[in-house]
Amino acid sequence: MALKIGIDVGGTFTDFLVAEDGREPRIHKILSTPVDPSIAVIDGLGEIAASQQPAETLEDFAGRIDTIVHGTTVTTNATLTGNGARTGLVTTAGLRDALEMRRGIREEQYNNRYTNVEPLVPRYLRAGVEGRLDREGRELEPLSLDDVKRAVELFKAEGCEAVAICFMNAFANPEHEAKAAELVRREMADAYLTVSTDLLPSIRFYERVSTTVLNSYVGPKLNAYIASLTVSLQRTGFGGVLLIMQSNGGVMSPEIARKNAALTLLSGPAAGPGAGLGYAGAHGQSRCITVDMGGTSFDAALVVDGPVMVNEGEIARHRIALPMLGIHTIGSGGGSVGWIDEGGLLRMGPESAGADPGPACYGKGGKKPACTDANVVLGYLSPEFFAGGKMALDTEAARAAIAEHVAEPLGMSIEDAAAGMYRVICNNMAQGVREITIKRGFDPREFPMVVAGGAGAAHACQIAGELEIPFLIVPREASIFCAAGMLMCDLKHDFVRTFVSRLEQLEWDQLIALIDEMTAAARSDLETEGIAEERRRFFVKLDCRYHKQYHEVSFEVPRAAIDGHDSAAIAALFHAEHNRLYGYSLEDEEDVPVEIINVRVQGVGLTDKPERAGQDYVGPDAKAAQKGERKVYVPERQAFETVPVYDGEALKFGNRIEGPAMIEEVTTSIFVSAAFDMVCDRFGSFAIYLKGREELVAAALQEDEQ
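The sequence shown begins at 1 in the numbering used here and counts up one residue at a time.
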């Protein structure tokens with residue numbers, strides 16, 4: 001039987017999901033080892049092997065593993081902490097300050113004291129060299145290799161581990177960058193080198209130089225980590241396939257990851273939307289909203305026949321222009337602290353109590369009231385069963401913190417203050433969902449919401465009620481959501497080239513030749529990774545805009561429309577997408593032409609997904625899983641009520657629960673509010689639906705109820 005393991009290395013825990021055909025997936029967590037994350041990976045595999053029935057040695061277990069899909073925060077943490085490699089930049093003379101000047105747009109427009117982020121390359125390591133191309137790629141001034149050599153000597157003297165090369169207008173002609181790269185490789189053979197036209201051959205200089213620098217800045221860290229991980233896995237006897245999660249929601253081989261390290265900057269959370277689609281698919285849904293609430297942050301993403309992508313974004317305020325999932329993150333988590341602002345209003349976050357000392361209820365000395373403290377007071381968390389009973393919570397400490405910092409300043413009871421904290425943080429998270437739905441032209445009411453993270457399920461019904469979402473899914477693997485998603489991902493490789501042309505003046509042969517060139521590169525990568533021809537898929541996107549607009553719209557175009565020179569069909573797709581995003585189009589304005597800016601090709605290699613064994617249908621009666629009762633706050637009635645508490649592990653396929661009720665698992669607590677009911681689906685996930693809307697779960701139940 002195929003054995004696949006998803007591994008998500010986080011800052012605190014390393015999560016494992018073990019999937020074996022025909023068996024229920026198994027969850028395992030181990031503390032991360034920040035000094036060398038591969039240590040926790042190997043230790044975790046050893047613990048999983050020892051827990052097998054019967055127990056196995058690490059070597060025997062590792063020898064049976066077919067595939068490991070690995071998400072890592074190595075590059076993310078290097079950027080966030082400023083702990084990347086010492087990097088030198090070779091760029092066009094007169095432009096070395098572009099990295100610091102950026103686009104000249106103040107991030108906080110009305111804050112005159114707001115300063116730019118510190119560049120990843122200090123000014124004295126940004127070397128301008130003579131040589132210039134025009135926007136068509138024609139040489140205006142030859143490249144000065146003497147200038148490049150002087151830059152290399154400076155980098156060597158300063159101990160640079162990495163070099164980035166990015167010249168003005170190189171996207172139109174890579175010749176100058178290729179010559180400079182050849183010299184750098186010869187003189188600094190051990191340095192990590194990124195050439196902009198290899199990584200991102202597209203228009204807009206600042207975005208290109210920032211992305212190129214980021215790749216070099218994090219490259220040596222990722223290179224060393226993957227080398228260490230690969231050697232460690234080989235020593236265990238692992239002979240299967242190792243795949244690395246990338247920011248676009250796909251996976252790639254370690255060799256490609258090492259050359260394009262910036263592709264892993266969102267490696268961890270990028271698996272979430274893919275996981276959401278897998279769980280929603282069990283209910284016949286091809287799209288969903290995924291939300292993941294952890295201790296510090298709340299991530300929201302949209303899946304519409306595949307995760308919604310963006311072509312640029314930021315990490316630690318540094319611009320990156322590579323395709324990535326459109327994940328929106330806000331500072332709302334279980335540790336988010338409640339406070340009163342100058343206007344006397346209650347706020348939640350973004351400050352977090354963290355893990356040490358943590359919320360007041362942890363009993364580690366924390367004095368500030370956190371979301372977790374409010375959940376304890378409201379009854380959503382059991383003080384005796386937190387983390388499966390491994391950690392007792394101090395209810396009185398939680399009440400004291402809320403009283404001092406929230407209840408007394410606002411002149412209300414502790415219970416009302418806790419309820420207010422709960423409502424505010426749920427409202428914050430609902431606003432986060434609006435950012436990835438309504439602001440992108442989608443109605444959240446039309447999507448099921450897949451809920452993940454240890455804290456997410458206690459707030460999910462309130463978020464759904466705020467957004468009028470009638471259907472939620474809480475996976476049994478919610479606490480290791482991203483590790484689960486990694487096993488559901490395909491290999492993906494993105495290519496982009498700038499190609500500026502109005503549709504009515506399009507040179508079709510040039511466009512088709514460019515698409516064929518990028519498709520061949522994608523095919524080569526997939527062939528290197530062992531993907532058979534029949535499992536390869538290729539998709540074309542165009543970035544277009546109305547003439548004289550600044551921003552463009554990216555949309556998929558059928559290859560048949562391009563091969564058929566069908567400019568009318570392409571224009572219609574652009575108008576429709578522009579109208580969906582912005583509420584208008586200029587389709588009837590004949591004097592406003594449509595202009596292509598970039599051409600994109602994505603190569604996809606379909607992978608085998610783990611087969612999950614569905615449970616046998618046992619019927620709606622869930623009484624056997626009820627383990628007690630307790631008082632919890634019911635938001636719809638603004639009052640405490642005694643509600644049944646169920647053991648999540650004991651709930652089986654077909655079991656139904658009427659809200660309000662609590663469902664407890666070792667790693668999460670689920671609150672089914674008064675407006676919702678719940679049914680356990682065939683894979684053990686908790687499908688929560690608005691009362692009276694049983695048709696929402698019919699697709700997953702009808703075969704077994706007949």
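Backbone N, C-alpha and C define an ideal beta-carbon position, used for all residues, glycine too. Model, not experiment: these values are computed from the prediction.
Worksheet item: Which runs of the beta strand (DSSP E), 3 residues or longer, sit entirely within the stretch 585-655?
Response: 594-605, 626-634, 639-647
Practice prompt. Give the range of the alpha helix (DSSP H) segment to which residue 64 is assigned.
Written response: As a first step, residue 64 must be located in the sequence shown, where it is residue number 64. Taken as a continuous stretch (DSSP letters only), the alpha helix (DSSP H) holding residue 64 covers 58-64.
Item to complete: Leaving out five residues on either side along the sequence, give the residues of the same chain with a beta carbon under 8 angstroms from the beta carbon of residue 250.
Response: Position 250 of the sequence shown, counted from the first residue, corresponds to residue 250. The answer, listed in chain order, is 489, 490, 491, 492, 493, 604.
Practice prompt. Using a threshold of 9 angstroms, state whether the C-beta atoms of residue 211 and residue 200 are closer than that.
Written response: Along the sequence shown, read from residue 1 onward, the residue named residue 211 stands at position 211. Along the sequence shown, read from residue 1 onward, the residue named residue 200 stands at position 200. Yes, the Cβ-Cβ distance between residue 211 and residue 200 is below 9 angstroms.
Worksheet entry | Beta-carbon proximity list for residue 585, same chain, < 6 angstroms, skipping 5 on both sides | For this step, residue 585 is matched to residue 585 along the sequence shown. Cβ neighbours of residue 585 beyond the five flanking positions: 575, 578, 579.
Discussion item. Mapping the DSSP letters down to three states, classify residue 206 as helix, strand or coil.
Written reply: As a first step, residue 206 is located in the sequence shown; it is residue number 206 there, counting from the start. In the structure shown, residue 206 sits in a helix (DSSP, three-state: H, G or I).
Discussion item. By the DSSP assignment, the alpha helix (DSSP H) with residue 406 in it spans what residues?
Written reply: Stepping through the sequence shown from its first residue, residue 406 is reached at position 406. Careful: residue 406 lies outside any alpha helix (DSSP H) and carries neither H nor E.
Worksheet item: residue 582: buried (16+ other C-beta within 10 angstroms of its C-beta) or exposed?
Response: Looking up residue 582 in the sequence shown gives position 582. Its Cβ having fewer than 16 others within 10 Å, residue 582 is exposed.
Worksheet item: Who are the near neighbours of residue 514 in its chain, counting only those whose CB is closer than 8 angstroms to its CB and skipping five residues on each side?
Response: For this step, residue 514 is matched to residue 514 along the sequence shown. Closer than 8 angstroms at Cβ, skipping near neighbours: 497, 499, 599.
Practice prompt. Note down, in chain order, each residue of its chain lying with its Cβ closer than 8 angstroms to the Cβ of residue 706, except the 5 sequence neighbours on either side.
Written response: Within the sequence shown, numbered from 1, the residue matching residue 706 stands at position 706. Residue placement at residue 706 cannot be trusted, given a pLDDT of 43 that sits under 50; what the coordinates show is reported in the next sentence. The answer is none, since no qualifying residue turns up.
Worksheet entry | Residue range of the beta strand (DSSP E) that includes residue 297 | Here residue 297 is taken as the residue at index 297 of the sequence shown, counted from 1. First-last for residue 297: undefined, no H or E at that position.
Worksheet item: For residue 71, which three-state DSSP category applies?
Response: The count along the sequence shown starts at 1 and reaches residue 71 at position 71. Residue state, collapsed to three classes: strand.
Worksheet item: Where does residue 546 fall in DSSP's three states?
Response: Locating residue 546 in the sequence shown gives position 546, where the first residue counts as 1. Residue 546 falls in the strand class under three-state DSSP.
Worksheet item: For the 8 angstroms Cβ check, are there 3 or more pairs between the stretch 678-695 and the stretch 460-480?
Response: yes
Worksheet item: Are residue 479 and residue 454 touching if we call contact CB-CB under 9 angstroms?
Response: Here the question's residue 479 lines up with position 479 in the sequence shown. Here the question's residue 454 lines up with position 454 in the sequence shown. Cβ distance < 9 angstroms, so residue 479 and residue 454 count as in contact.
Discussion item. Quick check: what's the CA-CA separation for residue 195 versus residue 219?
Written reply: Along the sequence shown, read from residue 1 onward, the residue named residue 195 stands at position 195. Along the sequence shown, read from residue 1 onward, the residue named residue 219 stands at position 219. Those two C-alpha atoms are separated by around 12 angstroms.
Fill in: Stretch-stretch touch, CB-based, cutoff 8 angstroms, three pairs: the stretch 628-647 with the stretch 366-380
yes
Worksheet item: With a cut-off of 8 angstroms, do at least 3 Cβ pairs link the stretch 237-246 to the stretch 69-87?
Response: yes
Worksheet item: Looking at C-alpha atoms only, which residue of 411, 294, 563 is the closest neighbour of residue 370?
Response: Within the sequence shown, the letter at position 370 stands for residue 370. Taking only the C-alpha atoms, the option nearest residue 370 is 294.
Practice prompt. Answer with buried or exposed for residue 528, where buried requires no fewer than 16 other C-beta atoms within 10 angstroms of its C-beta.
Written response: Translated into positions along the sequence shown, residue 528 becomes position 528. Classification for residue 528: exposed.
Worksheet item: Which residues share a DSSP beta bridge with residue 16?
Response: Residue 16 sits at position 16 when you count from the first residue of the sequence shown. 7, 28.
Item to complete: Could you name the residues of the same chain whose beta carbon sits closer than 8 angstroms to that of residue 614, not counting the 5 residues immediately before and after it, in chain order?
Response: Here residue 614 is taken as the residue at index 614 of the sequence shown, counted from 1. If we look at residue 614 and ignore the five residues flanking it on each side, its Cβ neighbours are 653, 682, 683.
Fill in: Under the three-state DSSP convention, the category residue 658 falls into
For the purposes of this step, residue 658 is taken as residue 658 along the sequence shown, with counting starting at 1. Here residue 658 sits in strand by DSSP.
Discussion item. Let me check understanding here. Comparing Cα to Cα, which of 90, 140, 132 lies closest to residue 124?
Written reply: Here residue 124 is taken as the residue at index 124 of the sequence shown, counted from 1. Nearest C-alpha to residue 124: 90.
Discussion item. Going by DSSP, what residue range makes up the beta strand (DSSP E) through residue 46?
Written reply: Counting from 1 along the sequence shown, the entry for residue 46 is found at position 46. Counting along the chain, residue 46 falls outside any beta strand (DSSP E), though it belongs to the alpha helix (DSSP H) covering 37-50.
Discussion item. Rounded to the nearest angstrom, what separates residue 546 and residue 612 at their Cα positions?
Written reply: Here residue 546 refers to the residue found at position 546 of the sequence shown. Here residue 612 refers to the residue found at position 612 of the sequence shown. So the alpha carbons of these two residues sit roughly 47 angstroms apart.
Worksheet item: Is the Cβ-Cβ distance between residue 236 and residue 56 less than 9 angstroms?
Response: Translated into positions along the sequence shown, residue 236 becomes position 236. Translated into positions along the sequence shown, residue 56 becomes position 56. Not closer than 9 angstroms, so no.
Discussion item. At the level of alpha carbons, what is the spacing between residue 270 and residue 608?
Written reply: On the sequence shown, position 270 is the one that residue 270 refers to. On the sequence shown, position 608 is the one that residue 608 refers to. So the alpha carbons of these two residues sit roughly 19 angstroms apart.
Worksheet item: Do the CB positions of residue 267 and residue 277 come within less than 9 angstroms of each other?
Response: If you number the sequence shown from 1, residue 267 lands on position 267. If you number the sequence shown from 1, residue 277 lands on position 277. It is not a contact, given that the beta carbons lie outside the stated cut-off.
Worksheet item: How is residue 325 classed by DSSP in three states: helix, strand or coil?
Response: Residue 325 sits at position 325 when you count from the first residue of the sequence shown. Here residue 325 sits in strand by DSSP.
Worksheet item: Could you give the distance in angstroms between the alpha-carbon of residue 290 and the alpha-carbon of residue 473?
Response: Locating residue 290 in the sequence shown gives position 290, counting from the first residue. Locating residue 473 in the sequence shown gives position 473, counting from the first residue. Computed Cα separation, rounded: 9 angstroms.
Practice prompt. Using alpha carbons as the reference points, say which of 53, 20, 23, 8 lies closest to residue 42.
Written response: The residue given as residue 42 occupies position 42 in the sequence shown. Among 53, 20, 23, 8, the Cα nearest to that of residue 42 belongs to 8.
Practice prompt. On the DSSP bridge assignment, give the partners of residue 230 in chain order.
Written response: For the purposes of this step, residue 230 is taken as the residue at position 230 of the sequence shown. Note: residue 230 sits in no beta bridge, so no partner.
Item to complete: Please list, in chain order, all residues of the same chain as residue 305 whose beta carbon is under 7 angstroms from its beta carbon, the five residues on each side excluded.
Response: As a first step, residue 305 is located in the sequence shown; it is residue number 305 there, counting from the start. Hits under 7 angstroms: 286, 287.
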